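**Q**
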Amino acid sequence: MVTKRVGLVAPPGVLTVSPGDVIRVTSEFDYTGPAVSGKIYSALYHPTFLDPHDEIARNSKDFSITDSPPPGKHFTGYVDLTVPEGYSGSDFGLYTKLIGIPGADIFSPYYDNIIEIVGAVPEFSNLVITSYVKR
Amino acid sequence: MPEHLDIVKIEITTPLPEEGYPDTTYKIEGSVKMFDAVGAPPFVYAQVQKKEWYKPEVVEEVTYERGFPIPVTGKFTIEWRPDKLGTYEVTVVATPAPLPLPVIGVPPITGESDMMKFSAVEKPAGEYSNLKITSYEKVTV
Chain S
4 MVTKRVGLVA
14 PPGVLTVSPG
24 DVIRVTSEFD
34 YTGPAVSGKI
44 YSALYHPTFL
54 DPHDEIARNS
64 KDFSITDSPP
74 PGKHFTGYVD
84 LTVPEGYSGS
94 DFGLYTKLIG
104 IPGADIFSPY
114 YDNIIEIVGA
124 VPEFSNLVIT
134 SYVKR
Chain P
148 MPEHLDIVKI
158 EITTPLPEEG
168 YPDTTYKIEG
178 SVKMFDAVGA
188 PPFVYAQVQK
198 KEWYKPEVVE
208 EVTYERGFPI
218 PVTGKFTIEW
228 RPDKLGTYEV
238 TVVATPAPLP
248 LPVIGVPPIT
258 GESDMMKFSA
268 VEKPAGEYSN
278 LKITSYEKVT
288 V
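Protein chains in written order, with the numbering used here: chain S, 4 to 138; chain P, 148 to 288.
1. I'd like to know whether the C-beta atoms of Y275 (chain P) and I109 (chain S) end up nearer to each other than 9 Å.
2. Do you know how far the Cα of T160 (chain P) is from the Cα of F190 (chain P)?
3. Using the Cα positions of S178 (chain P) and A193 (chain P), report the straight-line distance between them to the nearest angstrom.
4. Would you list the one or two residues that DSSP bridges to N62 (chain S)?
5. Are there three or more Cβ pairs, one per stretch, closer than 8 Å when the region 67-80 of chain S is compared with the region 119-133 of chain S?
6. By Cβ distance below 6 Å, which residues in the same chain neighbour F32 (chain S) in space, the five residues on each side in sequence not counted?
7. Does the beta carbon of K100 (chain S) come closer than 9 Å to any beta carbon on chain P?
8. Using a 10 Å radius around the Cβ and a threshold of 16 neighbouring Cβ atoms, would you call I102 (chain S) buried or exposed?
9. Does V20 (chain S) have its Cβ less than 9 Å from a Cβ in chain P?
10. Kindly list, in the order they appear in chain P, the residues whose Cβ is closer than 9 Å to that of S128 (chain S).
11. Would the beta-carbon of P125 (chain S) fall within 9 Å of that of K270 (chain P)?
12. Taking Cβ positions only, does P271 (chain P) come closer than 9 Å to chain S?
13. Please tell me whether G221 (chain P) and M263 (chain P) are closer than 9 Å, where the distance is taken between their beta carbons.
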């Protein structure tokens, strides 16, 4: 199985996607402390009247880090998000948090307006006349 | 107090750390040697006494973790996992027969190591910093 990667972008660059596409969100952090495991959680959101970070897609992945005395360890991980149907616009953002760890969840900044969702453009091809008859 | 016959020498090569965390496994490694005796190595156990300042010693909680000495070399490893915060006194003891669990009666002790003190303390919280999204891309499988 081959994974094809298209359009690698770093914040604040804008990635244009369509419903059904998969966005791979790569996050990183530094850690100092005892061995720990948890989940790295990323979400695609957009602002609504009630919630400035209303999540429309989310996913998480397990991670574990061995004992990390100072100066600590650097960790990089990714989460894949599938863009749901029914949304379009350029006000979509991403954020990541660490969950399932001892203590409170740890949040990344909210990266607003970095994902643009465009409706799937119908594709027509191979238009040809295949036959003609007298009637 | 168990009957104590000093006929087995217990040497600890990897003692417990002085401090550790609950629900973490620690290893005690060492070797047993019988003085002027031939035969199968004795049974070894880590005798773990949970120290409670408000309890008289005789009613303190004592548990045993078994180790398996290798024939000829007598080397053994005992794994122990404290499950509570607090202070423990751990001594490796040798017996001629397996101890029934839970221990009933007075087992004969044929040798014992120096006592190791162990404090199970609260696991320090880890420190996370610089959590950020570094890139995002479209992938197709």
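Glycine residues also receive a C-beta, built at the ideal position from the N, C-alpha and C atoms. In this text, all values refer to a predicted model and were calculated from it rather than measured experimentally.
**A** According to the structure shown:
1. Yes. Within cutoff.
2. 18 Å
3. 13 Å
4. S:S45
5. no
6. F78
7. yes
8. exposed
9. yes
10. In chain order: nothing, as chain P lies at least about 19 Å away.
11. no
12. yes
13. no
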